[in-house]
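One structure below.
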Amino acid sequence: MLLRNVPGVTLNKWDERVYPTARGFAIDYYLLDSMPSFGGFSLGANDMSLLPYERVEVVKGANGLLAGAGNPAASLNFIRKRADSKELKGNFGVSAGSYDRYGVNGDVQTPVNESGSVRARLSFIHEKSHSYMDYYNRKNSAIYGVVDSDIGDSSWGLVLVRFIKS
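177 is the number that our numbering gives the last residue of the sequence shown; the numbers go up by one with no jumps.
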């Protein structure tokens, strides 16, 4: 889980859902690329896929009160992956673990044109596992694609597609 190593944050678990708290308050103030996100975004969902995000910034304290309709717990800023490489690069990985847990993942970036002003990025993950409980298994798949384009010296545009299945 993303917040497991953040000091001052407590993770309350129920079934496979996780409800984080800080300073006695639920963490419910989320930002997406530094813009407030008010709907359809919850860490309580089981295994929220972090595939589309480059990093997550955690600000504890009154930031939620000062910056919007938050509370004094903390705010989480999810920064999405961008296609920012002007050369072909990527990585692939496989994983295995207990209870027949197997997975494969990858992340590839490439320029679309000669100058590199249009770039593409594709990330994917597929995992499946069983459990210590009888008749219980999990399968998670996610694909994230983004195309970035430089429109001018100080302007850019992007198109992104995301598919997540748990």
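Even for Gly, the Cβ is constructed at its ideal location relative to N, Cα and C.
When DSSP labels each residue in this structure, what does S109 get in the three-state scheme? Position 98 of the sequence shown, counted from the first residue, corresponds to residue 109. DSSP places S109 in coil when its eight states are reduced to three.
Go ahead and pull the three-state DSSP assignment for Y31. Counting from 1 along the sequence shown, the entry for residue 31 is found at position 20. Sequence check: residue 31 is Pro here, not Tyr. Reduced to three states, the DSSP call for P31 is strand.
Could you pull the DSSP bridge partners for A131 from this structure? Locating residue 131 in the sequence shown gives position 120, counting from the first residue. For A131, which the question treats as bridged, DSSP gives the partners T121, V158.
Would you kindly work out how many angstroms separate the C-alpha atoms of P47 and Y41, rounded to a whole number? Locating residue 47 in the sequence shown gives position 36, where the first residue counts as 1. Locating residue 41 in the sequence shown gives position 30, where the first residue counts as 1. Looking at the two C-alpha atoms, the distance is approximately 6 angstroms.
Pull the bridge partners of P47 from the DSSP assignment, please. For the purposes of this step, residue 47 is taken as the residue at position 36 of the sequence shown. Its beta-bridge partners are L42.
Limits of the unbroken beta strand (DSSP E) element including R173: Counted from its first residue, the sequence shown places residue 173 at position 162. Here the beta strand (DSSP E) through R173 covers 167-176.
Continuous beta strand (DSSP E) stretch holding A73: start and end: Translated into the one-based positions of the sequence shown, residue 73 becomes position 62. Element bounds for A73: n/a, residue is neither H nor E.
Look at the Cβ atom of L22, then the Cβ atom of V69, and state whether they are nearer than 9 angstroms. On the sequence shown, position 11 is the one that residue 22 refers to. On the sequence shown, position 58 is the one that residue 69 refers to. No.
Rounding to the nearest angstrom, what Cα-Cα distance links R28 and S160 in this structure? Here residue 28 is taken as the residue at index 17 of the sequence shown, counted from 1. Here residue 160 is taken as the residue at index 149 of the sequence shown, counted from 1. Going from the Cα of R28 to the Cα of S160 covers about 37 angstroms.
Do N88 and G104 have their C-beta atoms closer together than 9 angstroms? As a position in the sequence shown, residue 88 is number 77, starting the count at 1. As a position in the sequence shown, residue 104 is number 93, starting the count at 1. No, the pair does not count as a contact, with Cβ atoms beyond the cut-off.
Nearest by alpha-carbon distance to Q120: which of S106, S96, Y64 is it? To locate residue 120, count along the sequence shown from 1; it is residue 109. Q120 has its Cα closest to that of S96, out of S106, S96, Y64.
Just to confirm, is the Cβ distance from G114 to E138 under 9 angstroms? Here the question's residue 114 lines up with position 103 in the sequence shown. Here the question's residue 138 lines up with position 127 in the sequence shown. In this structure, E138 lies closer than 9 angstroms to G114 by Cβ.
G19 versus G127, S86, I136, residue with shortest Cα-Cα distance: Numbered from its first residue, the sequence shown carries residue 19 at position 8. Checked all of G127, S86, I136; the closest Cα to G19 is S86.
Unbroken beta strand (DSSP E) run spanning R91, endpoints: Residue 91 sits at position 80 when you count from the first residue of the sequence shown. 85-91 is the extent of the beta strand (DSSP E) around R91.
Going by DSSP, which residues form a beta bridge with N151? For this step, residue 151 is matched to residue 140 along the sequence shown. Answer is E138, bridged to N151.
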